[in-house]
Structures are given as structure tokens and as C-alpha cells.
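A short write-up of the structure that comes next.
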Amino acid sequence: MRETFSLEMKQIVKQFGSVIANDHVDFNCKPGEVHALLGENGAGKSTIMCMLSGVYRPTSGEIYIHGEKVKIRSPKDATKLGVGMVFQNFRLVQTLTAAENIVLGEKSSFWRGPRWMKNKTEEIDSIAKRFGLAFPVDRPIWQLSVGEQQRVEIVKTLYRGAEFIILDEPTSVLTPGEADQLFLTLEQMKSEGKTVILTTHKMKEVMAAADRISVMRKGRMIHTIDKSDTNEKDLARLMVGSDIAPVEIQGRTRPRGELLLNVENLDVYAEHGRKALNNLNLKVYKGEIVGVAGVAGNGQSELAEVLNGLCTWKKGKITFNGVEIKTASVRGAIEAGISHVPENRMKSGLAGSLGVVDNLLFKSYRSEHRSKYGFLKIKSNREWSQRLVEQFDVKTPGIDAPVRQLSGGNQQKLLFAREIDRKPELMVAVHPTQGLDVGATAGVHRLLNGLRDEGKSVLLISEDLEEVMQLSDRILIIYNGCVVGEMRQEEANRERIGLYMAGIREKEEEAV
Amino acid sequence: MSEQPAAGTVSLDKTASETRRRFSFRFEIDPARKESPWWMTIVSIVLALLACAIFIAANGKNPWLVYEKMFRGAFMSEFGITETLVKAIPLLLCGLGVAIAYRISVWNIGAEGQFVAGAIGATAVTVYLPEMPMSLTIPIMIVFAVVAGGIWGALTALPKVYFQVNELITSLMLNYVALLLLDYLVFDPWKDPKGFNFPGTPMFTDAQMLPVLGDTRLHLGLVFALVIVLIYWFTVKYTRWGYELRLIGANQDAARNAGINIKKHILIVMVISGAVAGIAGMSEVTGVTHRLMYGISPGYGYTAIIVAWIAKLNPFGLVISSVLFGGLIVGGYSVQTMGLPSSISSMIQGAILFFLIAGNMVSKFRLRRNG
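In order, the protein sequence lines correspond to chains C and X.
According to our numbering, the residues represented by the first sequence are 28 to 539, in order.
According to our numbering, the residues represented by the second sequence are 1045 to 1415, in order.
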């Protein structure tokens, strides 16, 4: 065996239904290194790490630890083998103290008196101090900051004797100062011979912390490389893919019209006072599709929420169709003619247990056609639903069938039927083809193009670069809550967009 | 994974994980499944009766005979049926009250307090406006009961909407506030001076009582309850407001996306929920006890939670389940002659809820063949 690798994953395949999340992925680690796993959202980073920590089981493939073949069937197995994972969403009991959370699940001793707890608390405290992970051990979790909670999670893995520590998107919840502190901790872990695996899509962190870097894209392992042999630009190219596939450009059939939506200097704060949108400027003209590309979590969802009245803003001006929008109101957005295809259709777009008719009524039930004097027009609503189902070719067992019985593609068609039937001026479509098969994707693209050809506008927020490049007349790149780049469809290419998405281009421009 | 034994063969490997592999089936939680099938309700009632049979047998009685006697007592005579319906009226009304709140996932367990508040409100009319004809008294009593119950509901809804206070806690605690207020009233200011110190108001006059059917105790409250069932059914199914409730109940996130003000709806629904339970309290004092007295409710508000749950919040299901539970209470009285306590019906009620919840849990599982 090549003893240089302490951990090897060979030809790992993971399938969820018909979706292949990991396609014959090879991954390995050397002892005492910080290994970064880089990739866009949905590239399969978390999936493979979940298999290493026993949350998922691989469909096929082999895992070796110190040259020995192992089977990891549960997180317990993983702990025994020295694998510990810190998840993006922490697994902590809010009402217990930090120390209690750490010893939770330990089966070593039956009697747990105050002295036992005191010893354990001291032990935990000393581990925390050694790795520079200060947090109040005796305080309940809900009183700790997010950064401190993450430290509790890390100490939990260390306390359980983990040799391989997986951190899933560790800095996504941290302030810059906390992130710097975390990187110091990583150094300390490395010096004690621990192996740290860091999944991320942030180039800066990779270059700051990692020794070796593996890049994943669309469920495949693209490349593993030493940090010294690479640079940010190469990595960005690997991450988004440089294979310039001939993108079929679906050009406009008529020129764009006047200004429809104008967003100026918009600031939006998300929970914990995080600044989600930072001085964002955006213009949408009538009769164009504007694509917003970017790595997830850079303000896309907040942008969609603000435009649909779900989220309020601190500073800035939004003008729609010549009228300034003063306050966030969903009703206002609906009445102004903004349609919304939300990110997660079953979470916030459709009500799974209700029938097709009820789901179609969502936004129009207040109108005169659908109800009168507070009573729904049952009969005409049913006829209208039947018409829409036929017009948009939604395959459903009946118009009363609960929509969760429909396939993903048909659910999305239903959602589009509802949103397009309202004759919107602007459609905000967030990841409209996520989880759809090729046929359904093409259908959605046809609908979006159709809207544009009618002189309506579409704001397409998507992580699928190919989709953005194929459909959009203009492409905006969002990074850290700010539009950092803009290009026309003709001048767009993956590489340029990739650099903007990774926040590299912005830095250079600032430097100039 | 080539080392796994084929499904069905017995592996001699003794490690824990390998042992698990021997079975060729496994249970999985179906994430899409939210509701249990309708027959689960019947299965859980049957299982509850079987489980309680063990305890009855342990008391040296033949469970089959006991159940038969309970059924006869509750449903097989005119007296039994009307008594069952008398008990079903407050259960149905309180059940409707909580069901409408549960529809939008507001867990109102304060029907007991709202029931008492309604009873107090109705009695206030007899205390402060004693001399009025029936055609005026009864409608005013309804208004007072609705207002009192509605205020009790609002006391739960306001903190929930404005300060995110958990409604389970406030609605439960307000039950005790209402009960203690009742105690205060019947022990002191409203006590019948000619009542030999009995904690209760004076008997209502004829004009303050609901009309009854023949010489039974079955009163007009049944009509109130059935009318509200129809209104509830019609509202949810055919009105714009009912549609909004269905939407909130099915998916709050989506409802927010459709521009529905959820807080406002919670407030309105809780007031209605309390008001309906208040009508139950009013119909109980004016139709059955004919006075406000200590211990006016034997826990109707709590039993109503089970009633609503068994009916899966369906208005017509509520009619059936409230009659069933009314029958259980009456049946419980009729087995006292066999030397069993009437609390046997509480035991069965509890067991039914227990099996129902377990059934809900179990129906999320599905059996999958390993392979």
C-alpha cells in the first residue's frame, strides 16, 4: 500500500433516486494536512463528506483508512474510526451547556455525578485552550454566538478523538475576525497531526489555509493539486469548467424596451445583522432576460425576496414601472405585476397537500374573476384550472389531486402556469430548472423565452452557468451582495464569469 | 458491498451490523407522507378497546359484557341517546373551536378556559339583566358568551402574534385563570343567597333556559352546534377567507408568498376559536345545569382536543367523534352498576388518543425489501 495516504476513498458512487450526486469519485488525504475540497454548490462536496462521516452510505465504492478497508454505516462507526464532522447546520442541543453537549452520547460511564462532570469540563476546557478555541464551557448553547457554537462542534470532534476532522463550509456563518481565528486553529490541529478536510467554495480561504486542494464539479472529481502548484485563477477555471461547450444562443426577436425595474444602492441585512446585499445596483428593461450568476449565498435569495416584498431593506431605492416602491409588501408586488418562481418550489411555491385548483388560485384568488363578495367562484375556477392544466401541459391525475403527487417537472409547469397566467411585467425566477430533467428544463426555457418575446422581462437567478449564458440577454455577476460584473450575452464566457464569481476580478479592479 | 450475504440467507458473522443484514426487509420513514390513512382512526379505536379490555379483565369483569353494557347504555334507549347527545353538544362545539385553530397550526388547548369564560359571560346576563323576555335574553347571552370566549382566545393570540409567546403555554394557563375566576364568582359575589352555601348562582328563570325536546334533557344547543358545523364547512370550502386558512394550514411559507397576512389570521382565528368554545359554555349553563356552578365542566375542553384530532378536523367527522365520545361518557356511567368506576371512559379516551398518535407515527413508515 502507498502509506502516504492515511485516508482513501475509491470510486465512490452515490445515487439519490435517478440523480447521481457522486460519480466515481476518488479522494485521498495525507496525514497532517489541511485539504480543501472546492466546488460550486451542488458539486457533490457535502455528499461525499457525509459518506465519510456515515450520514449517507455509498451506492458503491470503497473507503480505506490507514490502508485498511472499512465500512462506515453510521456516524457512530465514523467516530470509532476517528472521523468527525462539523456540519454547516450545527447539531447542538440549545438548552444544554457546551460541556454537556460535548459529552452527550458518550457511553463510557453510567454514574455522572458533579465530580465526573467537573473532570469532564476541565478536560474539555484544556482541549479547547490547546487549540485556541475559547468558549464559555458552562453556558447553555443558546447564549453562545454562532462562532462559539462552531467551536463547540469542533471541540466535540476533538474530544471524541477524531483524527480526520471535516469542516463543511465552516466560514459561511463566521465574521471575518472569527474566520481568521479558525485558520489559526487549523494550523494548531495540523501541528498535532490531525487531518483537516475543509469544504468550501471560497477561493480566498483555500489559498490561505489549504495544503492540498481537490476540485469537484457536477459530482465528479476534477483535479487534486498542491497549493504551491496552482493559483486562484486556475482554480476558478477548474471549478466552473473551462470546456467551452458550444452554447446555443437563443437571441432576442425584438429590441428591448424602456426601463422597467431600477434598483439603486440597495442595502439589505439578513439575520444576525449580516449584510446580505451591499450597495446593489440593478436595471431591468422591458423585453429582456437578465441573468444573475453567482455562487450561492452571495445575496441571490435576498434579492429575490426584496423584489417580491418578502424582505425589507435598509437603504436604497427601488423603482418599478416608473413608480417608486416605498415598503416591502407581497400584495403590492403581486398587484404591481411581479411574478415569483421561488427557489424551492415545494417549500414556498406550492402547498403539497392541496389540489391543483387551490395551488393555481394562490395569487389570483382576490381578483374579481376568481371570487366575488368573499365567495370563491368554484365552478368557473375549476374550468379555468382545467384550461391552464391543458394549456401548459401539466400531467396530473386530476385537478383535485394533491400536487405533491405530481412529478417535479409537472409541479414546476403548474407553478409557471400560475405565474404566467397573471400576465406579469417582471418574472423573478430563482433556480427555475433545479432538479428537472432535460425535457422539463427545455420546457421552462421555452416559457421564459416566450415571456421575453411578448415584451415582458425576466430576472433569472441561477447557479447553472450554462442556463444563464444560454438564456440571458445580459448577465450580471453577484458577489458578496453586490453586482461586480456585467456583460452582454455575446461577450460572455465561462472563464470571465468564473473569475467574477470567485471575487477575483473585483479585487483587481479595486487595486487599479 | 460484494461481501453482503444475499437477502434471506443466514449469515454466521456475529457482528452487529451483519446481523442486521439477515433480515431481508427494513423499515424506512417516508418523508413525503404527512397524514395517516383514514382507516388508521378505526384501527386505533379498536386497539384502544382491546388494550383497555386487559384492565377490565384484571378487575375480574368480562370486557365483552362491559363494552356491550356501555354500548347499550349510550345508544340503545331513548334516554341513552338523548343523554349521549347532551354530552356531545359541548364536545362538538369545543371541538369545532379547537379544530379551526389547529387548521392553521395554532395549538389552542385552552378550550376549557374559553368554555368557562363563555359560561360566565352568559350568566352575567342573568345577574345584571334579569327581567327580560326569552327572545331577547338568549341572543344577548350568545353575544356575551361569544365576547367572553373571544377575549379569552385573544389573550392567547395577542402574545403569540406580538411577542412570539408559545400558545400552548398561555392557552393552558388561561384555563386555570378562567376556572379560578369561576370559583371566585360562585363562592362570593354571584352565590345564591338561598342556596345553603352551595357554590352556584341562583337557578335561571324559564326565560333564561334553552328550550328542550319533550321531557328529555336534549336542548337547543344541538341546533347551535349543527349550524356552526355547517358554517365551518361552508366557510372553509367556499369562501375566500376559508381558502386563505387552507393555504396557511397547508404551507405557511407559500401563504406568505401569496401575500397573506398570517399574524392577522392567527388573531382572527383564535378569537373565533374562543368564541365557539364560549357558545359551548353558554349552551351548557342555559341548557343543562341552568345555573353557573363550581365544576361546571368535567373537562369538555380537554376531551374536545381528542375529538377534533380523531375527526382530523373534518366538520362532519367532528359530529361523529363527538357523539362517540359523548356515548363513552354516558356508557361509563351505565357500567357503574357492574361495580366499575365511571372513569373507565376516561381510560378509554386516553387510550384512543394514545393509539391514534402512535398510528400517525407508524403510518409514516413503509416496509422496504432489502436489496
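All C-beta atoms in this analysis are idealised placements derived from N, C-alpha and C, irrespective of residue type, glycine included.
Owing to the predicted nature of the structure, the values given are computational and were not obtained by experimental measurement.
Contact annotation for asparagine 1301(X) against chain C: Asn335, Leu337, Val357, His367, Pro369, Ser375, Gly376, Phe389 [CB-CB distance below 8 Å, chain order].
The stretch 1359 to 1389 of chain X contains, as complete alpha helix (DSSP H) runs of 4+ residues, the segments 1359 to 1378 (chain order). Its Cα nearest to that of glycine 321(C), the residue Glu493(C) stands out among Glu493(C), Arg166(C), Ile92(C). Proximity to serine 1378(X) across Val1280(X), Asn1103(X), Thr1128(X) peaks at Thr1128(X), based on C-alpha coordinates. Distances from the alpha-carbon of asparagine 371(C) to those of Val384(C), Ile447(C), Phe419(C), Pro459(C) put Pro459(C) closest. At a cut-off of 9 Å between C-beta atoms, leucine 1262(X) does not count as an interface residue with respect to chain C. Counting only runs of at least 3 residues, the stretch 391 to 458 of chain C fully encloses the following beta strand (DSSP E) elements, listed from N- to C-terminal order: 453 to 457. Taking 9 Å as the cut-off, the beta carbon of alanine 1269(X) is found no closer than this to the beta carbon of leucine 1368(X).
In the DSSP assignment, asparagine 289(C) is bridged to Lys310(C), Thr346(C). Counting only the Cα atoms, tyrosine 1287(X) lies some 23 Å from alanine 363(C). When the five nearest sequence neighbours on each side are left out, the beta carbons in the same chain lying within less than 6 Å of the beta carbon of phenylalanine 1399(X) are those of Ser1088, Leu1091, Ala1092, in order along the chain. Under a 10 Å Cβ-count criterion, asparagine 49(C) is classified as buried, with 16 or more other Cβ atoms of the shown protein chains found around its own Cβ. Rounded to whole angstroms, isoleucine 1312(X) and serine 1327(X) show a C-alpha spacing of 23 Å. With a threshold of 9 Å between beta carbons, tyrosine 1206(X) makes no contact with chain C.
Leucine 225(C) and leucine 64(C) have their C-alpha atoms spaced approximately 6 Å apart.
DSSP, read as helix, strand or coil, puts aspartate 165(C) in coil. The beta-carbon of arginine 1147(X) is placed no less than 9 Å from the nearest beta-carbon of chain C. At a Cβ-Cβ threshold of 9 Å, lysine 344(C) and asparagine 305(C) do not count as neighbours. Flagged as an interface residue toward chain C: tyrosine 1287(X), by a C-beta distance shorter than 9 Å. Separation of isoleucine 531(C) and glycine 512(C) (C-alpha to C-alpha, rounded to the nearest whole angstrom) is 11 Å. When secondary structure is reduced to three states using DSSP, valine 120(C) falls in the coil class, being assigned neither helix nor strand.
For tyrosine 296(C), the secondary structure class from DSSP, reduced to helix, strand or coil, is strand. Taking C-beta atoms as the reference points, leucine 1291(X) and isoleucine 1304(X) count as a pair closer than 9 Å. Counting only the Cα atoms, methionine 248(C) lies some 7 Å from serine 241(C). In the structure shown, valine 1150(X) adopts coil according to DSSP, grouped into three states. Here lysine 341(C) is exposed. Its C-beta has fewer than 16 other C-beta atoms within 10 Å. Threonine 1283(X) has a beta carbon lying within less than 9 Å of a beta carbon in chain C.
For aspartate 385(C), the chain X residues whose C-beta falls within less than 9 Å of its own C-beta are Tyr1287, Arg1290, Leu1291, Ala1294, listed in chain order. With respect to chain C, the C-beta atom of aspartate 1236(X) has no partner C-beta closer than 9 Å. Taking the CA atoms as reference points, proline 197(C) sits about 46 Å from valine 1315(X). Apart from sequence neighbours up to five positions away, the residues of its chain that approach alanine 189(C) with a beta-carbon distance below 6 Å are Gly109, Gly111, ordered along the chain.
Aspartate 1227(X) is outside the set of residues whose beta carbon lies under 9 Å from a beta carbon in chain C.
Closest in C-alpha terms to serine 1149(X), from the list Lys1307(X), Phe1115(X), Pro1177(X), Ile1182(X), comes Lys1307(X). Proximity of chain X to glycine 401(C) at the Cβ level (cut-off 8 Å) is accounted for by Thr1283, Arg1284, Trp1285, in chain order.
In this structure, glutamate 1156(X) lies near tyrosine 1346(X), with their beta-carbon atoms less than 9 Å apart.
In the structure shown, the three-state DSSP call for leucine 1411(X) is strand.
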